[in-house]
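*Asks:* 97 is the number of the first residue of the sequence shown in the working numbering; add one for each residue after it.
Glycine included, each C-beta is placed from N, C-alpha and C at the ideal position.
Input: one structure, supplied below.
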Amino acid sequence: MVTAIEVCKYFSFFQIEPVVFNQDIFALAQTHNLTAYDASYLDLAIRKQAGLASLDKQLNDVAKTLGIDIIHTKYILNTN
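Here's what the structure looks like:
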């Protein structure tokens, strides 16, 4: 079993922030008809001013409308 301390060490080593479902995430989900999970991924891209890598067309479409760069999955999946 993984302890809470081990999780915190992992997050801190990779500089990962745990997802906290807040009003911003719920507003994104409701406004764009997304799941809370997809909205949290979108919120992270917004907060970090980072691109979004997803195979989900709806999520990518919303990201584009918000001006978020899409990282093309062919670079992630090593496909032609």
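Can you check whether the CB of I166 is closer than 8 Å to the CB of L225?
*Replies:* Shown here, the chain extends from 97 to 176; a query on residue 225 therefore has no answer.
*Asks:* For the candidate residues L130, A159 and Y133, whose alpha-carbon lies nearest to that of I142?
*Replies:* Residue A159 is the option with its Cα nearest to I142.
*Asks:* Within a Cβ cutoff of 6 Å, which residues of the same chain sit near S150, ignoring the five residues on either side of it in sequence?
*Replies:* Cβ neighbours of S150 beyond the five flanking positions: N156.
*Asks:* Return helix, strand or coil for I164, following the three-state DSSP convention.
*Replies:* I164: coil per DSSP, three-state reduction.
*Asks:* Assign A123 to one of two classes, buried (16 or more other C-beta atoms within 10 Å of its C-beta) or exposed (fewer than that).
*Replies:* Flag for A123 reads exposed.
*Asks:* If you follow the alpha helix (DSSP H) that Q145 is in, where does it begin and where does it stop?
*Replies:* Careful: Q145 lies outside any alpha helix (DSSP H) and carries neither H nor E.
*Asks:* Provide the residue span of the alpha helix (DSSP H) that contains A125, from first to last.
*Replies:* Note, A125: alpha helix (DSSP H), Q119 to H128.
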